[in-house]
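If you're matching positions, the sequence shown starts at 68 in this note's numbering and goes up one per residue. C-beta atoms are modelled at their ideal positions from N, C-alpha and C, and glycine is treated no differently. Worksheet for the structure shown next.
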Amino acid sequence: MAQPVSRHSIPQHALNDGTSVPAVGFGTYRLNGHEGVEAIARAIDNGYRLIDSAFNYENEGAVGRAVRLAEAPRDQVRVTSKLPGRRHGHDAALRTIEESVYRTGLDHLDVYLIHWPNPGRERYVEAWQALIEAQRQGLVTTIGVSNFLPEHLQRLIDETGVTPAINQIELHPYFPQAEQRAWHAEHGILTEAWSPVGRGGDVINDPVVQQVAEAHGRTPVEVILRWHTQLGVVPLPKAAHADRQVQNLSIFDFELDADEVAAITGLGRADGRINGQDPAVYEEF
Ligand SMILES: NC(=O)c1ccc[n+]([C@@H]2O[C@H](COP(=O)([O-])OP(=O)(O)OC[C@H]3O[C@@H](n4cnc5c(N)ncnc54)[C@H](OP(=O)(O)O)[C@@H]3O)[C@@H](O)[C@H]2O)c1
68 MAQPVSRHSI PQHALNDGTS VPAVGFGTYR LNGHEGVEAI ARAIDNGYRL IDSAFNYENE
128 GAVGRAVRLA EAPRDQVRVT SKLPGRRHGH DAALRTIEES VYRTGLDHLD VYLIHWPNPG
188 RERYVEAWQA LIEAQRQGLV TTIGVSNFLP EHLQRLIDET GVTPAINQIE LHPYFPQAEQ
248 RAWHAEHGIL TEAWSPVGRG GDVINDPVVQ QVAEAHGRTP VEVILRWHTQ LGVVPLPKAA
308 HADRQVQNLS IFDFELDADE VAAITGLGRA DGRINGQDPA VYEEF
């Protein structure tokens, strides 16, 4: 049976608000209900200390229950949720954040993100002001965004003076987001990667990834997750099964060389998004 990974062996990233997050987190999309609770609690017991969720995943309750069931002390686990597109109005956003906290059964959330900018509605600055207010009230500790393009981030900074600590974006070898990552680095924003292993699809079988994996005697998923961390990105792989959960954390005892990193980044292509969800036009419900 796979052995848990010590949280001490997982490096930390400092955020612009003085807090930190571990170099790998755990995705929970489609982990719901009793089975979801078991899988998420197992992930925490296996060493994960950053858990990703969202109001729209309808599993904030399962995440909170798992956090309470797991052995780790509450203050060592950073729980994330996200504001849905239909709640960007200032008051609606604050009520939704309160509801997210109540659903988890915890007394605060550690990270809260605006799920998508929904630029067609033009209310993401208002939503950001609500997150700033929620942070002041102690409902949430770290605030950030997800799927924001540089133009959206710039507007938040210009209109509120508060730079998001995190931007969580689609990022995997077929969509490596070089320009967006560079923009984040320049502005002190941590990049988190969603669908970091391409939802377990074709990228795992890509010959370039396979070749690097063989050279290191590791699995393709380990190599992809290691590539993320060497880019300074925090991947949030989702895995229901304990052996995969442990495998996905066991990436800090080998290193890719610069050519290998470049070869994997070179797999990127303009149409590499998994479902073509372009934040410039996509509208999250
Ligand atoms: N902000 C956003 O808009 C947004 C959008 C999408 C996702 N997310 C977040 O990002 C998280 C991760 O993205 P994702 O769930 O779309 O995809 P992902 O993490 O790239 O891939 C998950 C899939 O890969 C499989 N897998 C995981 N580890 C594996 C391993 N070691 N070997 C082989 N297969 C493995 C999983 O299988 P099993 O589970 O069956 O083990 C699952 O089918 C989500 O769960 C969610 O928290 C955020």
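Cβ-heavy atom distance, residue i to ligand 3, below 8 Å
i: TRP250; result: Among the ligands present in this structure, namely ligand 1, ligand 3 is not found.
Residue-level contact to chain D via CB, residue i, 9 Å cutoff
i: SER317; result: Absent from the structure is chain D; it holds one protein chain and no more.
Residue i Cβ short of 8 Å to ligand 1 heavy atom set
i: HIS308; result: yes
i: HIS219; result: no
i: GLY284; result: no
i: GLU127; result: no
i: ARG109; result: no
i: ASP119; result: yes
i: TYR96; result: yes
i: GLU237; result: yes
i: PRO304; result: yes
i: ILE271; result: yes
i: GLU289; result: yes
i: TYR124; result: yes
i: GLN143; result: no
i: GLN314; result: yes
i: VAL134; result: no
i: VAL264; result: yes
CB contact flag (residue i, residue j, <9 Å)
i: ARG188; j: GLY228; result: no
i: ILE210; j: ILE224; result: no
i: ALA197; j: ASP158; result: yes
i: VAL144; j: ILE111; result: yes
i: ASN214; j: PRO346; result: yes
i: LYS305; j: ARG97; result: yes
i: HIS155; j: ALA194; result: yes
i: ILE77; j: ALA69; result: no
i: LEU82; j: ALA232; result: yes
i: ALA137; j: ILE107; result: yes
i: LEU298; j: ARG248; result: yes
i: ILE341; j: ARG266; result: yes
i: PRO243; j: GLY335; result: yes
i: GLU218; j: GLN344; result: no
Rounded C-alpha distance that separates residue i from residue j
i: ILE291; j: ILE331; result: 8 Å
i: GLY268; j: SER262; result: 10 Å
i: PRO302; j: THR163; result: 26 Å
i: THR171; j: ALA260; result: 23 Å
i: GLY333; j: ASP310; result: 29 Å
i: ASP338; j: GLY284; result: 31 Å
i: ALA252; j: ASN234; result: 11 Å
i: ALA325; j: THR296; result: 13 Å
i: GLU246; j: GLN79; result: 23 Å
i: GLU289; j: GLU351; result: 31 Å
i: PRO186; j: TYR349; result: 8 Å
i: LYS149; j: ASN123; result: 8 Å
Own chain residues within Cβ distance below 6 Å of residue i, not counting five before or after
i: ARG132; result: VAL104
i: ALA139; result: ILE111
i: VAL212; result: LEU180, ILE181, PRO231 and ASN234
Same chain, Cβ closer than 8 Å to residue i, neighbours up to 5 away in sequence not counted
i: THR286; result: ALA280 and GLN314
i: SER73; result: GLY114
i: HIS175; result: VAL168, GLY205, LEU206, VAL207 and THR208
i: ARG190; result: HIS155 and GLY156
Three-way DSSP call (helix, strand, coil) for residue i in this model
i: GLY265; result: helix
i: ILE341; result: coil
i: LEU176; result: strand
i: ALA347; result: coil
i: GLY193; result: Note on residue identity: the sequence assigns Glu, not Gly, to residue 193. GLU193: helix per DSSP, three-state reduction.
Nonlocal neighbours in the same chain, by C-beta distance under 7 Å from residue i, ignoring five residues either side
i: GLU226; result: VAL192
i: ALA307; result: LEU98 and ALA106
i: ASN126; result: THR95, LEU98, ASN99, GLY103 and SER120
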